[in-house]
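Read left to right, the sequence shown gives residues 1491 to 1999 (the numbering used here).
For each residue, glycine too, the CB sits at the ideal point set by N, CA and C.
Quantities reported herein were computed from a predicted structural model and do not represent experimental measurements.
Here the structure comes first, spelled out in C-alpha cells, and everything after it is commentary.
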Amino acid sequence: MLKKIILIAVIVVLAAGIIVGSSFGIVYGVVNKTNVSVKFDEAETYQTFTGFGASSAWTFRPLGRDFSEDVQNQVIELLYGESGLGLDIFRYNLGGGSTEVEGCNYDDDRKAESFFDASKFVDYSSFANEANYDFTKDSAYVSMMLKSFEMGNIRKLVIFSNSPHYLMTKNGKTNGTVELENNLKEDAYEAFSDYVLVCAKNIKKMLDDRGFNDVEIYLSPVNEPQWDWGGEYASQEGCHYDPEPLAKFYDVFYKKMTAFNQTNSTEFKMDIYESGNYKTNHRKAKNKEYLKEFAKYDYFNEIEELSMHSYGADDSIKHRNSFMNYADKIDLNKKITISEYCVMEWGVDESVDRGIFSSKIIMRDLSIMNACEWSWWLALAYGGYEDGLVYLDKESNEITLTYRYYMYKNIMDYIDVGDVRVKAELYDPFGWGGLDTVAFKKPTGELVIIVLNDSEKDRTLTYEGLDGYTSIKKVCTSEEGKLVESEDKEISSKMQSKAKSITTYILSK
C-alpha cells in the first residue's frame, strides 16, 4: 500500500512538472513571438503639441565663460540647431544671487548670478526701479542664450526661478536654514514679483534688439515648491512653499504681472506650478492640497497651462492614470506641460536600455498625461549624473552623446509645433509585447507614428485605420544603428519594430 501511495505521488509530481514546464514553454513562446495590433482613429484627437525644450540652468554660465567659441557652437547646434535636436523651448534660470552669498557651499556650477545691484538696495521698493539693475551681469549665460536663439528654432522662453533674491528671504540665503522652511518673506511678495518682471522685460529687450521679437515669454517664479530646499546639505538654490502661502503669492504675482503688461505693452504669461511630480498620493508632493488652494483664486481660472515634473513617476502608467483621473474628477481643464525630468541616478549611462527607459517617459507623458510640451532637465551637463542631454568634459573638451540623445532625436525631429495627437490604441492585453506607441497628425496631412520596443525581440505590429495612406518612411535607433532611415515605400498591413528600439514611421497620402 505504501509503495502504491509513493508511486502515485511520484506520478503526480512528474505530471505537475511536465504541466508547469509546458506552461512556461508556452508563455516563453508567446512572449517572444507576440504580434501586437494597433488601431488608429484620426477622428479622435487630443492635445495640440507646442514644443520640446530643456533647461540651461547653471551649466550655460561656465559654457559661456570657460570654453572656446568652437565648443560653444558645437554644443548649441546639438541642442537647438537643425542638425541637432532643434529644441523649441529655452528655459532660462533667473538666479537669486547665490554667487554673492557668503558661505554658500554650492558647487560653483550651481551658483546663479543676479541682475540686481545689491549695493543699491534701500528697501523692497528698490526692486521695482530699473536703475538698480545691471544687465551686463550674468553675461556668459546670456551670451549662450542669445547664441541658442540664433539657431532660429526657439519659439518659447520660460524664465524660471529656483529661489527669490537672497535679500527677500528670511535667512538672507537662497535656500532654507532648515528643511521645509517657507523662506520668502510675506512682505516681499510684491518685491519678488517686481524682480522677475523687471528682469523679464530686459531679457525681452535683449531678444528684441536681435530680431527675436515673436517669442512667447512665460514667467515661472516658483520651482518644485514641495521639496525640502533647506538644511546644511542644500546644494543649489531652492525655496519651499506650503500650499496656502504659494497660492497667495501667485495671486500677488498674477495681479502685478497683469498691471505690468498693461503699462509696458508686454504679453508675459504666468507659468504654474512646476510641481516636483504629479503623484496624487505622494505624502510630500501634496498635489491635491496645492491645487485646492490655487482654485480659491481668480488667476487659476484665467491661466491655461499647468506645469508638472515627471520625477518619481518615471515610467509608471498607474501614477499617470491616477493624476488624469483626479484631473477629470475636479474638472481641472488645463493644458499639461511637462517642464522637467531627468533620471535620478549617478553616472552617465550611454546604453540602449537607458535610452529606451528615458524615451518611455516622453512616450507616456504624451499618450497618458496629454502633455502639450515636454522638457528635459539640463540641456548640458559636465558628467557624473544622469541629468544631461549633451555631456561636455571640462578637461578634454570632449562632447559625449548617449543613446538617450539619439532616441530623443528620433522622437523630437518628427513631432512639431502644431501637430495634433490622434488615437493609437495598442491591443496587448498582457503587456507582453513591450511596446508603447503614440501618433500625431501634421497640418500637412502626414501621420507620424512612433513605436518604442522595450523587448528583447523584434516585433510585428498589425494595424487598422490607416486607409488612404500610400507610402511610408521609417527612422530607427537601436543597437544596430542610430537614426537609420529607410527609403519611402508602399504601405503594407504590418509594421516592423526592432528589439530595444525607437522607430518613427512617417505616412503620406
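As computed with DSSP, tyrosine 1623 is found in a beta bridge with Phe1606. The Cβ-Cβ distance between histidine 1799 and glutamate 1714 falls below 8 Å. When C-alpha distances from glycine 1554 are compared across Asn1823, Ser1629, Glu1603, the shortest belongs to Ser1629. Fewer than three beta-carbon pairs drawn from the stretch 1899 to 1907 and the stretch 1810 to 1820 are found closer than 8 Å, and the two stretches are therefore not classed as touching.
With a contact defined as Cβ atoms closer than 8 Å, leucine 1951 and valine 1965 miss out at about 16 Å.
In the DSSP assignment, cysteine 1966 is bridged to Val1974, Thr1993.
The Cβ atoms of phenylalanine 1784 and leucine 1709 lie no closer than 8 Å to each other. Secondary structure of tyrosine 1596 (DSSP, three-state): coil.
Cβ-Cβ distances below 7 Å link glutamine 1986 to Asp1948, Thr1950 in the same chain, with the five nearest sequence neighbours on each side left out; the list follows chain order. Across the set Phe1739, Ile1846, Lys1913, Asp1761, the C-alpha of Phe1739 shows the shortest separation from the C-alpha of serine 1683. Close CB contacts of glutamate 1980 within its chain, under the 7 Å cut and outside five residues either way in sequence, are with Thr1960, Ser1961 (chain order). Of all alpha-carbon atoms in His1730, Lys1646, Asp1624, the one lying nearest the alpha-carbon of phenylalanine 1702 is that of Lys1646. Comparing C-alpha distances from glutamate 1977 to each of Val1705, Lys1990, Ser1968, Thr1994 shows the shortest one belongs to Thr1994. In terms of Cβ geometry, phenylalanine 1542 and methionine 1635 do not form a close pair [threshold 8 Å]. The stretch 1647 to 1654 and the stretch 1580 to 1592 touch, with no fewer than 3 CB-CB distances between them shorter than 8 Å.
When rounded, the separation of the alpha-carbon atoms in threonine 1770 and alanine 1803 is 10 Å. Less than 8 Å divides the Cβ of glycine 1923 from the Cβ of serine 1945. In terms of Cβ geometry, phenylalanine 1539 and cysteine 1862 form a close pair [threshold 8 Å]. Between the alpha carbons of lysine 1899 and isoleucine 1828 lies a gap of roughly 17 Å. Between the alpha carbons of proline 1711 and leucine 1657 lies a distance of about 16 Å. By DSSP's assignment, phenylalanine 1530 forms a beta bridge with Ala1914. Around the Cβ of phenylalanine 1606, a 10 Å sphere holds 16 or more other Cβ atoms; the residue is buried. Inter-residue distance for proline 1735 and leucine 1674 is about 9 Å (C-alpha atoms, whole angstroms). Beta-carbon to beta-carbon, serine 1545 and serine 1865 are separated by about 7 Å, close enough to satisfy the 8 Å threshold. Under the Cβ criterion (8 Å, minimum of three pairs), the stretch 1552 to 1568 counts as touching the stretch 1875 to 1889. In the same chain as phenylalanine 1750, and ignoring 5 residues on each side of it, the C-beta atoms closer than 6 Å to its own belong to Leu1687, in chain order. Beyond the five residues adjoining it in sequence on each side, glutamate 1532 comes within less than 8 Å, by CB distance, of Val1912, Lys1913, Lys1931, Leu1937, Gly1955 in the same chain, given in chain order. Counting other Cβ atoms within 10 Å of its Cβ, tryptophan 1836 stays below 16 and is therefore classed as exposed. Glutamine 1726 sits in coil when the DSSP states are folded into three classes, being neither helix nor strand. The beta-carbon separation of tyrosine 1801 and asparagine 1767, rounded to 5 Å, stays under the 8 Å limit for a contact. For the 8 Å CB-CB criterion, leucine 1916 and valine 1528 form a contact. When only Cα atoms are considered, leucine 1879 and arginine 1894 end up about 7 Å apart.
Within 10 angstroms of the beta-carbon of threonine 1927 lie 16 or more other beta-carbons, which makes it buried. For isoleucine 1762, the three-state secondary structure derived from DSSP is coil.
Under the three-pair Cβ rule at 8 Å, the stretch 1660 to 1677 counts as touching the stretch 1587 to 1600. Assignment of methionine 1798 by DSSP, reduced to helix, strand and coil, places it in the strand class.
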